[in-house]
Every structure is written in structure tokens, then in C-alpha cells.
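Input: a single structure, listed below in C-alpha cells.
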């Protein structure tokens, strides 16, 4: 074989990514990955560089969540891997298809008399094991493209790491090794629901007079929306969703909104009357169940999920059905007798009128100050000011009291970056989401504490031309921790910090920047938000004295 039959391995990997269909790679350059990154552009694969590895991985996850395609993150070894670990665990927890390409030390043992030490030394394998992330290592330059193809395929089933030892990256690879991806594994079909389980569920549902159908993200992924609405009509049931499936039934006459920590008053009053809850593809975690308090204690709970281990995992379950949400809904439609018009108390005219007449302002008494806006009122105002076709990404924090009042076209347009219960993941996630679904305006709602952790990514948005609206919910504090301390009668000053005007800072990066302090200020932004030209930054001065409902739920008993 002549030298022309071989090319640098980093170049072979770039060409292989292009052959596999990669459109972009998110990352942050390091010395061990620099030549691979430089080769991506020549191969026709766009490299989008973040300012922190944690955000780079979050971008890949957000891109995957928005587009349904594989998200790829490329980071270096040692300190770069350590920086990225937060995002790596987050990506694994979300279940999104993400390939993590990570620098690794040379596989060749160091010379015993070499100069040292290796200041980047880190046992990446041990770190990935601790994070629960699958991994393989490129240990042979001759077959590096094929190993990349295998990792690429495996990552479609959830986060997968590919370690890139320096001696392999800097080696050479036969051009003939660049090959198509291995044949895709057939996606395992959900198990067919057992007849006995369906009959048991049907028997419980038939006895109920006030049924409630709850849809989670699993029901959305199964395409079960229409089947669940048909079942609701058949049973005389009202509908609700988890937060991750928010607005799946928006516009339906008997949509109660979100169940649990983010519910609204009109829906909550109906949910409390249910005598049977049929949950489809919903994990029933502490937010959906409001620490076990959102469902009537006497109501029968039927849980439908494609995963056997999910049934009854976080909340009691009276009847479990393992199967696809849409298939189970269709089977129940045939098994349970239709209700007569006179036996549908949840479809009574008064119920329809109560839901139709619901106004979010009625949920609370607004707590504005002379210079700040109630976050719940801000949510209502942003819902009206933003274009209807929107993607909404949330970081985590006390400001989420607003999330109940901001609507989206459907579950595919909402993203919560709280799977690892950490602030700071939202910025990277939103950048990736905006790149993955540019046909809609993407709006990031983030607290000021989390924003300070990731402020440097303003430059990434401007440099990469990412279409993003950033709303900083600014209360001058770590809001959740402030309320946590306040609920325990402890000093809160350690959770507070001086107020900062962020708009001039964002403007310096090229954003159209605004500061809002009132509902009127927010509504006045509607023309700007209707057709953004470039990135937009909004510093929303919010009243941090308002406690989010989910924080109240976890407060110690008084």
C-alpha cells in the first residue's frame, strides 16, 4: 500500500462523519482535537464552537431533542472532559441520541524516563462508568472509521462516548476504511399489551364516573394524541398532561392543562374530582404528582407505559398495562362501553364553560413592586407578546412559576433542561435547540444565577448566528435556595447578590437588548418578537418574593 492510500486518521474521521450524514458537530477546541476540528470544515461538516465544554454537550443534546437527529459533541481530554461531565450526565439522563467524541491520552505506555507529569491526566473510563455512560475507544487507526460508525449507530439509542487516543488520532488510516454505517438495528417494537391487563384496566375504567386521561412525553412520542382524545370522548373523560407533554391537547374543550406542580386553577378543580386516572406514557414523578398530592387519594390509577420497570416506579399503581400508548388507547376504546350522554359528569356544560372561561390572571393576586414584575404575570405577558409558533426552553429555578402560563404549539416545542436538577444547563440546550429547529423562534427562559454561570455563551450566539431570544428572569438571587432558606427561618443574604443590568452587556455582544420591569414593558416588545432580526436579549426584573409552587410543595411542614 502506498502513502497515497493512507490519510491522517483525524481526516479519515472527519470524512467518515460526513459520510454518516452528520450536519454539524458542537464542541470546544483543545490541542488533541484541533486537527480533527480543522478537518471537519474541509469535509463539509459544520463545527459550532461553544465557550465551555458543558455547554457544548448541552448544545448537542438540545439539537438532538429538537431535530430528532443525532447530536454530536467533540471535546478534549482531561480538564475538557472534566468540564463536560455535567453535560455528559445530563445528556445521559435525557435519553436523547448523543455521540460524545472525547480526547484521550495516548494508548502507548509513557517512557519511564520521560519528562512529566501529564498535567491533563484523568481516568476517562472511570469517569464515564461513574456517569453511567457507555463507551468504546479507538484503539486501531486502521479501523477507526468503522469504530466511529459503530459508535454513531449505538448513540441513536442514548448517550454513547467514543474515546480518541492521541496516538490514534495522529496516526494514519487506509482511505478504504471509510465505509457506510453498519446496518441499523431494527427498533424493538413495544410489547403487545397483555389481554388480562387490558381487561383489568377496562373493568376499573368502566366503573369510574369521573375519569381523567393523563398524557406524558411517552404518549406524545407514540403519536397517541388523536386516540386519547377519542377515548376521552368515548368515556366522558377530561384530559391533562405532564409538563413535558404540555399543550398536547390545547384547544380541546376538556383540556385541564398540566397536572401537578404546574397546574392551573380551573384544571386543578376538575382533577381533584377524578375517580379514575388513566396515565399514558407518564413517569408520574414528584412534579407530576406534586409530592403525591395532585391526584385524588381515592382515585384508581391505571398506568400505561412501554417500559415494565416504569409501571409503579414513582407512584402507586392499581392496574399496570405494558404497551404502546396509542395501541392501548385504541384497544381500550373497543373494550370499555361508551358512556351515555347523561352519564358524563366531567363533560357537563358547566365543566365546558369553566374551562372555556378560565383566565390565568384569576389564579393569583399579582405581586408587583415599583421596579419589578410578578413572574407569573410576566409569563402571561410573554405568552401574549411572543409569536404563536415558538420553541420554549427552560433552565431550572424559582422563576419557573411562570412556566404554567407560557404555551407552545405542542410537546415537541418545549424543552426543560432540568433532568439533572441543576441550573445552568438551559443556555447550551437552547442554542442547540434553536439550531435544530430554526423554523420557529426559540426562547430561553433562564434565571440570573444560571445566566451568570454561562454568560460567555452570548458570544457563541452572536458568532454562530444562532436565532435565539434570551429572557433572564432577574431577581438578584439564587431564588430557589433563597426560598429554601426562608422556609427554614434562616438568613437569606448568602443567596442574594447585587442587581446587575445585563442588557448593556448583551448589547456589547451584538444583541438587541431590552430591560423590562412591568407587564406593559413586555407587551410592548410584541412587534420586535414577531420577526426577530438577529439575537434578542431581555433582562426581566422580577419580584423574587414570589415562591414557585413546586418549592412550596417541598417546604417543611409547619
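Numbering (our numbering), first residue to last: 12 to 569. Glycine residues also receive a C-beta, built at the ideal position from the N, C-alpha and C atoms.
Looking at the unbroken alpha helix (DSSP H) that takes in residue 20, where does it start and where does it end? 20–31
Anyone know if the C-beta pair for residue 91 and residue 51 falls short of 7 angstroms? No. Outside cutoff.
Would you call residue 388 buried or exposed, if buried means 16 or more other Cβ atoms sit within 10 Å of its Cβ? buried
Going by Cα to Cα distance, which pick from 454, 119, 538 and 498 is closest to residue 560? 498
Cα-Cα separation between residue 112 and residue 44, rounded to whole angstroms: 9 angstroms
According to DSSP, what are the bridge partners of residue 146? Beta-bridge pairing links residue 146 to 172.
If you reduce the DSSP assignment to three classes, tell me which class residue 88 lands in. coil
I'd like the list of long-range same chain contacts for residue 447, defined as Cβ closer than 6 angstroms, with 5 residues on each side in sequence excluded. 74, 77 and 78
Measure from the alpha carbon of residue 437 to the alpha carbon of each residue in 451, 315 and 408, then state which is nearest. 408
Do you know offhand how far residue 172's Cα is from residue 143's? 11 angstroms
Could you check whether residue 84 and residue 100 sit closer than 7 angstroms to each other, using their CB atoms as the reference points? no
Collapsed DSSP secondary structure at residue 101 in the structure displayed: helix
In DSSP terms, what residue 57 is bridged to: DSSP, once it has assigned bridges, lists 35 as partnering residue 57.
Just checking my contact of residue 272 with residue 318 at CB under 8 angstroms: how many whole Å lie between their CB atoms? The Cβ separation is near 23 angstroms, so there is no contact.
Contact test: residue 496 Cβ vs the ligand MG heavy atom, cutoff 6 angstroms: Ligands displayed in this structure: none; no statement on the ligand MG is therefore possible.
Residue interval of the alpha helix (DSSP H) (run including residue 494): 490–498
Please report the straight-line C-alpha distance between residue 167 and residue 256, rounded to a whole angstrom. 22 angstroms
Taking 8 angstroms as the cut-off, does the region 476–491 touch the region 332–340 (at least 3 CB pairs, one atom from each stretch)? no
Does residue 181 come out as helix, strand or coil in the three-state DSSP assignment? coil
Using the Cα positions of residue 279 and residue 251, report the straight-line distance between them to the nearest angstrom. 10 angstroms
Is it buried or exposed, residue 352, if we count other Cβ atoms within 10 angstroms and call 16 or more buried? exposed
With DSSP as the reference, label residue 354 as helix, strand or coil. helix
Sequence-distant residues of its chain with Cβ nearer than 6 angstroms to residue 59 (five each side left out): 35, 37 and 475
Who are the near neighbours of residue 369 in its chain, counting only those whose CB is closer than 6 angstroms to its CB and skipping five residues on each side? 277
Proximity below 7 angstroms, CB of residue 258 to CB of residue 418: yes
Strictly by DSSP, which residues pair up with residue 291? Paired residues: 226 and 315.
State the DSSP-derived secondary structure class of residue 12, mapped to helix, strand or coil. Note that residue 12 scores 44 on pLDDT, short of 50, meaning its location in the model is unreliable; the coordinates nonetheless yield the value given after this. Coil.
Between which two residues does the beta strand (DSSP E) holding residue 405 run? Segment 401–405, the beta strand (DSSP E) holding residue 405.
Look up residue 82 in the DSSP assignment and give the residues it is bridged to. 109
At least three beta-carbon pairs within less than 8 angstroms, the region 175–182 to the region 112–121: yes
Residue 521: which of 480, 314 and 289 sits nearest, CA to CA? 480
Spatial distance of residue 21 from residue 526 (CA atoms): Here the C-alpha atom of residue 21 lies approximately 46 angstroms from the C-alpha atom of residue 526.
Take the Cβ of residue 124 as the centre, count every other Cβ of all protein chains shown within 10 Å, and call the residue buried at 16 or more, exposed below. exposed
My parser needs the beta strand (DSSP E) runs of 3 or more residues fully inside the region 393–439; what are they? 401–405 and 425–427
Could you tell me the distance, in whole angstroms, from the CA atom of residue 147 to the CA atom of residue 174? 6 angstroms
In three-state DSSP terms, what is residue 328? coil
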